[in-house]
Structures are given as C-alpha cells and as structure tokens.
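*Asks:* Residue numbering for the sequence shown follows full-length UniProt numbering, beginning at 1 and increasing consecutively. All C-beta atoms, glycine included, are put in the ideal place defined by N, C-alpha and C.
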Amino acid sequence: MNLLFEIGVEEIPARFIPQAIEQLEENSGKIFSHFRINIEELKVYATPRRLTIKAKVSEEQASDERLIWGPPAHHAFDEQGKPKEAAYAFAKAQNIDVCQLEIKKKGKGNYVCAKVTQKGKKTEEVLPELLKELFFSLSFPKMMKWGSGTIKFIRPVRWLMCLYNDKVVSFEIDGIKAEEKTYGHRFLTENSISLSKIQDYEKALNEAFVIVDQKERKQIIISEAQELANKVNGKVLLDEELLTEVNYLVEFPNSVLCEFPEEYLSLPEELLITVMKDHQRYFAVTDFNGKLKNYFIVVSNTIKENEDNVRKGAQKVIKARFEDAKFYYEEDIKKGLDSLVEATKGIVYHEKLGSLYDKSLRILKIAERIAQKVLPNKIDSLRIAARYCKADLASGVVGEFPELQGIMGGYYAKAAGLTQEVAMAIKEHYLPKSFTDALPSTEEGCLLSLADKLDHIASFFYLGQIPSGTEDPFGLRRAANGILSILLRKKYPLSIEDCVDTIENFVDENIKKQISTFIAQRLESYFESSNYGVNLIKTITDFILLRPVYEVEQRLQAVKLFYERQDFDSFFLAVKRVSNIIKNYEKFELNPSVLITQEEKNLYNAIIEKKDQLKEYLTKAQFLDALNCLNILTPFINNFFDRVLVMDKDENIKRNRLALLQELALLLKSIADLSKLY
Numbered sequence: 001m002n003l004l005f006e007i008g009v010e011e012i013p014a015r016f017i018p019q020a021i022e023q024l025e026e027n028s029g030k031i032f033s034h035f036r037i038n039i040e041e042l043k044v045y046a047t048p049r050r051l052t053i054k055a056k057v058s059e060e061q062a063s064d065e066r067l068i069w070g071p072p073a074h075h076a077f078d079e080q081g082k083p084k085e086a087a088y089a090f091a092k093a094q095n096i097d098v099c100q101l102e103i104k105k106k107g108k109g110n111y112v113c114a115k116v117t118q119k120g121k122k123t124e125e126v127l128p129e130l131l132k133e134l135f136f137s138l139s140f141p142k143m144m145k146w147g148s149g150t151i152k153f154i155r156p157v158r159w160l161m162c163l164y165n166d167k168v169v170s171f172e173i174d175g176i177k178a179e180e181k182t183y184g185h186r187f188l189t190e191n192s193i194s195l196s197k198i199q200d201y202e203k204a205l206n207e208a209f210v211i212v213d214q215k216e217r218k219q220i221i222i223s224e225a226q227e228l229a230n231k232v233n234g235k236v237l238l239d240e241e242l243l244t245e246v247n248y249l250v251e252f253p254n255s256v257l258c259e260f261p262e263e264y265l266s267l268p269e270e271l272l273i274t275v276m277k278d279h280q281r282y283f284a285v286t287d288f289n290g291k292l293k294n295y296f297i298v299v300s301n302t303i304k305e306n307e308d309n310v311r312k313g314a315q316k317v318i319k320a321r322f323e324d325a326k327f328y329y330e331e332d333i334k335k336g337l338d339s340l341v342e343a344t345k346g347i348v349y350h351e352k353l354g355s356l357y358d359k360s361l362r363i364l365k366i367a368e369r370i371a372q373k374v375l376p377n378k379i380d381s382l383r384i385a386a387r388y389c390k391a392d393l394a395s396g397v398v399g400e401f402p403e404l405q406g407i408m409g410g411y412y413a414k415a416a417g418l419t420q421e422v423a424m425a426i427k428e429h430y431l432p433k434s435f436t437d438a439l440p441s442t443e444e445g446c447l448l449s450l451a452d453k454l455d456h457i458a459s460f461f462y463l464g465q466i467p468s469g470t471e472d473p474f475g476l477r478r479a480a481n482g483i484l485s486i487l488l489r490k491k492y493p494l495s496i497e498d499c500v501d502t503i504e505n506f507v508d509e510n511i512k513k514q515i516s517t518f519i520a521q522r523l524e525s526y527f528e529s530s531n532y533g534v535n536l537i538k539t540i541t542d543f544i545l546l547r548p549v550y551e552v553e554q555r556l557q558a559v560k561l562f563y564e565r566q567d568f569d570s571f572f573l574a575v576k577r578v579s580n581i582i583k584n585y586e587k588f589e590l591n592p593s594v595l596i597t598q599e600e601k602n603l604y605n606a607i608i609e610k611k612d613q614l615k616e617y618l619t620k621a622q623f624l625d626a627l628n629c630l631n632i633l634t635p636f637i638n639n640f641f642d643r644v645l646v647m648d649k650d651e652n653i654k655r656n657r658l659a660l661l662q663e664l665a666l667l668l669k670s671i672a673d674l675s676k677l678y
C-alpha cells in the first residue's frame with residue numbers, strides 16, 4: 001500500500017456511513033481511472049469520525065494517446081500529395097514530423113489528423129487534484145455548511161491526512177491542509193498522531209483506541225456479545241440492522257452485560273425487545289429456546305475500566321423505559337379491545353376514505369368474500385379478527401412504538417379472551433412484507449392479510465396514488481408482493497381477478513382492471529427475479545389474471561423444463577406454423593366430413609385422441625405431462641403442412657382446413673402460448 005487518505009469529521013450519523021463506504025469504493029475506481037492511474041488493493045475504512053481509503057496505486061499516469069484533427073486535407077496537401085504550409089504548421093504545433101500526419105474521413109470530407117501521445121505525469125503531481133475530486137464526489141441526503149467555509153459535507157471536516165509513499169501530499173480543502181497527522185479516540189486520547197509510515201496506520205490508531213476497520217469492529221462486537229451471553233446461559237439476539245448501526249456508532253467497541261428486574265418479563269417480549277433495540281440500541285439476550293432473559297448487552301465506546309459506570313447508567317435508563325412501556329400496556333389492557341375499536345372511529349385513515357373503523361369494515365367484507373371462495377369454515381373467526389385487526393392503532397403502546405402494530409393487537413386479543421387463532425391472525429396480518437418473509441401461521445391470518453393488502457392497494461388506486469418509476473411511498477408494490485406470496489405458497493385456488501373482485505364497491509370496474517394489471521406486473525417481476533426469461537413469461541400471460549396464481553407458476557415451471565428438452569425446437573416450429581397461418585382469420589366451424597386427405601384426417605384423429613388425455617392432465621395440474629402429450633402431435637402437424645395445401649382453391653375446403661388448425665391451436669395453447677416465445 002502506498003496511498004493513504006483520511007477525512008476527519010465530526011460524528012457522522014450511523015445511517016449514512018454504509019453509503020459513504022459504497023461511494024468511496026465506487027468513486028475511487030472511476031476517478032483514478034479518469035486520471036489514468038492504476039489502483040489496486042483498495043480498502044475503505046469508516047468510523048463515526050473518519051472516512052479513509054488505503055490503496056496501492058501506480059507511480060505515474062498511463063500515457064494518453066489522442067487523435068487531434070487538423071485542417072481539411074485539400075488545404076494541407078496538393079493534388080500530388082505534397083504537404084503545403086498548413087500541413088507543416090499543424091505538424092509543428094503537434095510536435096511531430098509532417099510525414100506522421102494522417103488523412104481520415106470526418107463528416108462529409110477528409111481531414112488531416114495527428115496521433116499524439118502525451119506522457120503521463122508522476123502520480124504525486126496528480127494526487128492533489130484527484131483527491132479533491134474524490135472528496136467532492138461524496139454526496140449525502142443531508143449536507144451542511146459550517147463556520148465561514150463555503151463547502152458542504154455530511155458533517156464539519158476537522159482534519160485531512162494524506163500520505164503517498166510515506167510522504168505528505170500537499171493540498172487543502174476549504175482552508176484545511178492535508179498533513180501527516182490523524183487523531184485517536186475523542187475522549188480517550190488528547191494528542192494528535194504523526195504518522196511516518198502508511199503501514200503503521202491501523203496499529204497507531206488501535207493504540208489510540210480506534211479500531212478503524214469496520215469489519216474488525218463488527219467481529220469484536222459479535223464475539224464479545226456472544227461471550228457475555230454465554231456467561232448467563234443465554235444467546236444474544238444479533239439483529240443485523242442493529243449490529244450495523246452500533247458498529248458505526250463506536251470507534252472502540254466494548255460490550256457490557258447488564259440486567260433488568262425479572263418482573264418486566266411479564267410484558268410482551270416484542271415490546272421489551274423494541275424498547276431495547278429501537279430506543280436504546282441494546283442487544284437483547286434469550287435462553288437457548290429463544291425465550292427472553294432479563295439481561296441485555298450494551299456496546300459502549302470506551303475502555304473496560306469504565307464498565308461499571310456504563311452498566312449503572314444503562315440499567316437505570318432501561319428500567320425507566322420499561323416502566324413507561326408497562327404503563328402504556330396496562331392502560332391499553334384496562335381499556336379493552338372494544339374501547340380501542342370505538343376509538344378508531346375518531347382516527348382518520350384518509351379524508352376521502354373515512355376512519356380506521358371504516359377501513360376495518362371494508363377489510364371484513366373483503367375477508368368474508370375471500371373465505372367464502374376458499375375456506376368457508378373460517379368465516380366466523382375471520383369476522384372477529386377483521387373487526388379487531390386495527391384496534392391497536394388506537395392504543396398507547398402502538399402510539400409510542402408504531403412498529404408493534406398488529407403484534408400488540410394480538411396480545412390485546414388474548415387478554416380479551418379471544419381464541420388463539422383470532423389473536424394470531426391479528427398479530428400476523430401485516431405479514432408477509434416481501435416474497436421471502438414468513439407467512440402468517442394460521443389460515444385466518446393469511447386470509448386477513450390478503451384482505452388488508454387488497455384494501456390498501458384499492459384505497460390508493462382510488463385516490464390516484466399509483467406507483468410510478470421507482471417511487472412507491474405507500475408501499476403498494478410491497479402489498480402486492482405480499483398478496484402474491486400468500487397465493488403462491490398457500491396454493492389457494494384464487495386468481496388475481498378473483499382477489500380483486502372481492503374489493504369493496506368504492507372502486508369501479510376501471511380501477512379494478514388497473515389493480516389487476518398492477519398485481520400481474522408484480523407477478524411477472526417476481527418470475528423475472530426467479531430466473532425465468534422474459535420470453536418464457538410471455539407464454540403464460542394469457543393465464544396470469546384468470547388462473548390461480550400458484551397454477552400460473554406451475555405452468556411456467558413446466559414450460560421452462562420442456563423448453564430445455566432437445567426436441568423442443570421441432571415442436572416449437574410446428575406450433576409457430578399453426579399460429580402464423582391462422583392469425584388473420586375469423587373463427588370457422590370444423591366439419592370432419594369435409595376432411596379429404598389422409599394427413600388432415602390423421603391430424604384430426606390425433607387431436608380427438610389427445611383431447612381427453614390432455615383434459616385429465618390439466619385437471620391434475622400435470623402441465624409437463626400435458627406438454628409431452630402435445631409433443632406427440634408434432635409429426636402429424638409436420639405431415640399435414642408438408643402434404644396438404646391449406647389455401648385450397650375450394651373455399652369450403654380452405655375454411656375447413658383453417659378450422660382444423662384453429663381447433664389444434666386451442667389445444668396447443670391450453671398450457672401456454674408457445675407461439676409467443678420468439
């Protein structure tokens with residue numbers, strides 16, 4: 001490594017650091033390439049107080065070969081090709097011999113040009129400009145100015161350190177000069193650190209209580225937390241989101257085991273974990289069965305000698321937080337579910353769509369209609385779950401901790417004496433939040449989730465808030481993905497149109513069509529992300545709205561497997577020939593008695609023979625077997641086209657042969673329309 005560049009700043013918010021790392025990695029490659037300097041072994045480090053790149057770079061720029069255009073050829077050379085004064089002048093200006101000039105076509109004429117090679121500069125000459133460009137390439141959602149300076153950055157810049165081949169690279173940004181100095185931990189060290197060798201960077205900072213490598217810090221946090229949890233026969237809940245945040249809150253991580261009074265374990269675990277994670281950035285500890293223990297782990301930004309103070313402070317704060325949570329929870333339990341439902345009448349969902357109570361009534365009606373189609377025996381319990389599913393949005397706990405919506409509703413339902421199925425349905429009806437997320441664990445939960453998501457999409461389509469481009473502020477794509485995930489994994493016999501037809505009457509048929517198309521597009525996107533080619537997906541688009549969603553996927557799976565067979569091409573060509581010849585004709589009636597040639601009779605008989613067999617395969621959803629069945633028709637189709645003139649002079653014969661092919665086409669499209677493949 002022969003280059004080190006560190007930007008020292010005031011504390012960067014943890015949420016912005018991952019994108020800073022990503023930008024430094026990406027922009028370094030682009031900018032060094034632009035300056036024709038080779039960069040290898042790039043490392044990007046980040047802490048709350050510094051952003052650093054360390055790399056091996058070439059000693060000089062690569063040479064730059066350019067084609068420089070000169071005067072028109074007829075001005076530079078005479079008819080015999082001898083150079084004129086203009087040619088000599090241009091060659092002299094480019095510092096080359098006139099014989100090195102070339103003539104090339106440009107636009108409508110020929111021009112003189114010169115290939116000029118510019119030798120690259122030494123890297124140390126280029127670095128000041130290059131590193132300034134790298135600095136200003138960093139962009140964040142929130143930027144600020146400070147003092148009397150003119151530049152903007154994520155936080156005030158306090159120092160710059162830059163070494164190349166262990167020597168300072170002299171440049172400045174907004175009056176701050178790059179030096180050989182860096183700084184250690186803000187509270188554990190006082191003096192600056194003068195660095196004479198790049199290779200000593202990590203070690204020098206380590207001695208100054210800074211672990212500059214974020215990967216190393218993360219591993220320290222994980223190892224220490226696991227070790228501490230083991231001491232109390234537990235395991236730490238290493239939430240990845242929290243782990244990332246904590247990693248970028250500290251420069252010198254030191255994990256501290258703390259505890260809280262066991263009495264708080266009577267509160268819902270999710271409530272306690274949320275308080276610890278979202279409000280305090282603490283890691284919860286469970287036993288080996290996943291049950292919460294009365295311990296937690298704090299990652300401090302200090303040395304072990306300060307552990308007692310850290311522990312006392314954390315335990316005092318968490319007790320106060322838990323007391324607040326306990327108060328809200330107990331007050332909600334006292335009010336009861338019916339009181340909370342009544343309160344939702346006063347909470348506006350949207351001025352054009354009424355209150356949260358109105359929304360729950362819409363969900364109830366949609367849920368009833370869905371259950372009637374797939375699980376009529378669940379209607380009674382589903383009605384109860386739908387009635388109470390939004391009650392917790394009026395609760396004190398969810399008002400304080402919005403991320404617990406649904407979860408708290410489940411606890412309040414249990415406290416009210418409702419069945420386990422109803423309580424779980426309420427608790428889990430926001431699931432799944434993606435294609436890979438867990439489904440609700442009960443049938444009632446899945447049906448309630450479908451109803452809630454359908455109403456959510458319908459509401460915003462009614463308001464004209466339809467997602468466009470990459471923007472989706474109301475999470476409609478996520479809701480559609482959740483609907484499809486349930487339909488695919490639960491294998492409910494519901495098509496997209498079946499689902500949309502259950503939506504309440506405040507949307508008209510035009511909006512319903514828009515919603516169906518929107519959900520169908522999400523299904524196609526899912527298929528694309530599942531490595532089905534766009535061409536394969538085209539073959540099942542005729543079924544995507546009308547057939548059960550899980551069945552559409554089964555058809556696509558069968559097409560993919562069949563497509564990979566060696567004899568697929570011959571079948572596809574036969575299908576394509578049938579499709580091409582009938583596509584511009586109206587529907588004709590087939591009269592078997594008008595079939596004349598043996599080839600058309602053979603084809604007709606093969607169609608009749610395969611119809612019943614195909615019907616059986618389709619009934620059992622054996623789509624690959626159905627395609628194999630159709631493949632048997634390939635020689636009959638080829639013999640027909642090779643020996644029969646479809647466009648016979650006799651109009652009746654011609655129409656009857658087209659009718660035969662139309663009948664065949666219907667059969668061929670019964671699984672997928674392979675004619676759309678190319």
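Quick one: measure Cβ to Cβ for P128 and S170, integer angstroms, because I've assumed they're closer than 8 Å.
*Replies:* Position 128 of the sequence shown, counting from 1, holds the residue named residue 128. Position 170 of the sequence shown, counting from 1, holds the residue named residue 170. That pair is a contact at about 7 Å.
*Asks:* Can you tell me where the alpha helix (DSSP H) with Y45 in it begins and where it stops?
*Replies:* By 1-based counting over the sequence shown, the position of residue 45 is 45. Y45 -> not in any alpha helix (DSSP H); beta strand (DSSP E) instead, spanning I39 to T47.
*Asks:* Alpha carbon to alpha carbon, how far is T517 from I581? Give it in angstroms, no decimals.
*Replies:* Stepping through the sequence shown from its first residue, residue 581 is reached at position 581. Stepping through the sequence shown from its first residue, residue 517 is reached at position 517. Cα to Cα, I581 sits roughly 30 Å from T517.
*Asks:* Rank I68, I221 and E589 by C-alpha distance to the C-alpha of N247 and give the top, closest one.
*Replies:* By 1-based counting over the sequence shown, the position of residue 247 is 247. Taking only the C-alpha atoms, the option nearest N247 is I221.
*Asks:* Would you decide whether N309 is buried or exposed? Buried here means 16 or more other CB atoms lie within 10 Å of its CB.
*Replies:* Residue 309 sits at position 309 when you count from the first residue of the sequence shown. Classification for N309: exposed.
*Asks:* Can you tell me where the alpha helix (DSSP H) with H350 in it begins and where it stops?
*Replies:* Here residue 350 corresponds to residue number 350 of the sequence shown, with the count starting at 1. Not the alpha helix (DSSP H): H350 falls in the beta strand (DSSP E), residues V348 to H350.
*Asks:* Between G107 and P72, what straight-line distance do the alpha-carbon atoms span, to the nearest angstrom?
*Replies:* Position 107 of the sequence shown holds residue 107. Position 72 of the sequence shown holds residue 72. Taking the straight line from one Cα to the other gives about 11 Å.
*Asks:* Tell me whether the beta-carbon of C162 lies closer than 9 Å to the beta-carbon of E179.
*Replies:* Residue numbering aside, residue 162 sits at position 162 when the sequence shown is read from its first letter. Residue numbering aside, residue 179 sits at position 179 when the sequence shown is read from its first letter. A contact, by the Cβ cut-off of 9 Å.
*Asks:* Between S434 and N481, how many whole angstroms is the CB-CB distance? I'm expecting something under 8 Å.
*Replies:* Working through the sequence shown from its first residue, we reach residue 434 at position 434. Working through the sequence shown from its first residue, we reach residue 481 at position 481. About 6 Å separates the two Cβ atoms, so the contact holds.
*Asks:* Closer than 8 Å by C-beta to D455: which residues in its own chain qualify, once you throw out the five before and the five after it? Chain order, please.
*Replies:* Counted from its first residue, the sequence shown places residue 455 at position 455. Around D455: K359, R362, I363, I366, I503 and E504.
*Asks:* What does the Cβ neighbour count give for C629, buried or exposed, with the cut at 16 atoms within 10 Å?
*Replies:* Numbered from 1 along the sequence shown, position 629 holds the residue referred to as residue 629. The residue in question, C629, is buried, as its Cβ has 16 or more Cβ neighbours within 10 Å.
*Asks:* Work out the CA separation of E551 and V374 for me, nearest whole Å.
*Replies:* Translated into positions along the sequence shown, residue 374 becomes position 374. Translated into positions along the sequence shown, residue 551 becomes position 551. Near 15 Å, if we compare the C-alpha coordinates of E551 and V374.
*Asks:* With H, G and I counted as helix, E and B as strand and the rest as coil, what does DSSP make of Y164?
*Replies:* Counting from one through the sequence shown, the residue named residue 164 turns up at place 164. Strand at Y164.
*Asks:* Taking 7 Å as the limit between beta carbons, can you name the residues of its chain near L243, skipping five residues before and five after?
*Replies:* The residue you call residue 243 lines up with position 243 of the sequence shown. These residues qualify, in order along the chain: K218 and I221.
*Asks:* Looking at the structure shown, is Y411 part of a helix, part of a strand, or coil, going by DSSP?
*Replies:* Here residue 411 refers to the residue found at position 411 when the sequence shown is read from its first residue. Helix.
*Asks:* Does chain B have any CB closer than 9 Å to the CB of Y430?
*Replies:* The structure shown has no chain B; it contains just one protein chain.
*Asks:* Out of M144, P48 and L67, which one is the CA nearest neighbour of T117?
*Replies:* Here residue 117 refers to the residue found at position 117 of the sequence shown. Residue L67 is the option with its Cα nearest to T117.
*Asks:* To the nearest angstrom, report how far apart I103 and A93 are at their CA atoms.
*Replies:* The residue you call residue 103 lines up with position 103 of the sequence shown. The residue you call residue 93 lines up with position 93 of the sequence shown. When rounded, the distance between both Cα atoms is 17 Å.
*Asks:* Is the beta carbon of K132 sitting closer than 9 Å to the one on M144?
*Replies:* Within the sequence shown, the letter at position 132 stands for residue 132. Within the sequence shown, the letter at position 144 stands for residue 144. Taking 9 Å as the Cβ cut-off, K132 and M144 do not qualify as a contacting pair.
*Asks:* On the criterion of 16 or more Cβ atoms from any shown chain inside 10 Å, does N254 qualify as buried, or is it exposed?
*Replies:* On the sequence shown, residue 254 is found 254 positions in, with the first residue counted as 1. The residue in question, N254, is buried, as its Cβ has 16 or more Cβ neighbours within 10 Å.
*Asks:* For L382, which of A423, R657, A558 and E202 has the nearest alpha-carbon?
*Replies:* Locating residue 382 in the sequence shown gives position 382, counting from the first residue. That would be A423, whose Cα lies nearest to the Cα of L382.
*Asks:* Can you say whether H34 is buried or exposed, counting buried as having 16 or more other CB atoms within 10 angstroms of its CB?
*Replies:* Counted from its first residue, the sequence shown places residue 34 at position 34. It is exposed - the Cβ of H34 has fewer than 16 other Cβ atoms within 10 Å.
*Asks:* Reducing DSSP to helix, strand and coil, say where G471 ends up.
*Replies:* The sequence position of residue 471 within the sequence shown is 471, counting from 1. For clarity, residue 471 is Glu in the given sequence; the question names Gly instead. Three-state DSSP puts E471 in a strand.
*Asks:* Taking L340 and A385 to be in contact with their CB atoms under 8 Å, please state how far apart those CB atoms are, rounded to whole angstroms.
*Replies:* As a position in the sequence shown, residue 340 is number 340, starting the count at 1. As a position in the sequence shown, residue 385 is number 385, starting the count at 1. Between A385 and L340 the Cβ distance is about 14 Å, and since that is not below 8 Å, they are no contact.
*Asks:* Mapping DSSP to helix, strand and coil, what is T244?
*Replies:* As a position in the sequence shown, residue 244 is number 244, starting the count at 1. Helix at T244.
*Asks:* State the Cα-Cα distance for the pair F640 and Q372, rounded to the nearest angstrom.
*Replies:* Against the sequence shown, residue 640 aligns to sequence position 640. Against the sequence shown, residue 372 aligns to sequence position 372. So the two alpha carbons sit approximately 49 Å from each other.
*Asks:* What residue from L523, G175, N206 and D174 has the CA that sits closest to T182's CA?
*Replies:* Translated into the one-based positions of the sequence shown, residue 182 becomes position 182. The shortest C-alpha separation from T182 is found at N206.
*Asks:* May I ask which residues mark the beginning and end of the alpha helix (DSSP H) holding E331?
*Replies:* If you number the sequence shown from 1, residue 331 lands on position 331. Taken as a continuous stretch (DSSP letters only), the alpha helix (DSSP H) holding E331 covers E307 to K335.
*Asks:* Does the structure place the stretch 209-217 close enough to the stretch 255-262 that three or more beta carbon pairs sit under 8 Å?
*Replies:* At 8 Å Cβ cutoff, the stretches do not touch.
*Asks:* Can you name the start and end residues of the beta strand (DSSP E) that N110 belongs to?
*Replies:* Here residue 110 corresponds to residue number 110 of the sequence shown, with the count starting at 1. Taken as a continuous stretch (DSSP letters only), the beta strand (DSSP E) holding N110 covers G109 to Q118.
*Asks:* Tell me V646's beta-bridge partners as DSSP assigns them.
*Replies:* For the purposes of this step, residue 646 is taken as the residue at position 646 of the sequence shown. DSSP lists no partner for V646.
*Asks:* Let me know the beta strand (DSSP E) ranges lying completely inside the stretch 259-301, each 3 residues or longer, listed in chain order.
*Replies:* The stretch 259-301 contains these whole beta strand (DSSP E) runs: 283-286 and 292-300.
*Asks:* Kindly indicate the opening and closing residues of the beta strand (DSSP E) around K215.
*Replies:* Working through the sequence shown from its first residue, we reach residue 215 at position 215. Segment Q214 to K231 is the alpha helix (DSSP H) holding K215; no beta strand (DSSP E) there.
*Asks:* Would you decide whether C99 is buried or exposed? Buried here means 16 or more other CB atoms lie within 10 Å of its CB.
*Replies:* On the sequence shown, residue 99 is found 99 positions in, with the first residue counted as 1. Counting Cβ neighbours within 10 Å, C99 comes out exposed, since fewer than 16 surround it.
*Asks:* Please report the distance separating the alpha-carbon of E59 from that of S300.
*Replies:* By one-based count along the sequence shown, residue 59 stands at place 59. By one-based count along the sequence shown, residue 300 stands at place 300. Distance between the alpha carbons of E59 and S300: 42 Å.
*Asks:* For D213, does the count of other Cβ atoms within 10 angstroms reach 16, so buried, or fall short, so exposed?
*Replies:* Locating residue 213 in the sequence shown gives position 213, counting from the first residue. When all chains shown are included, D213 counts as buried.
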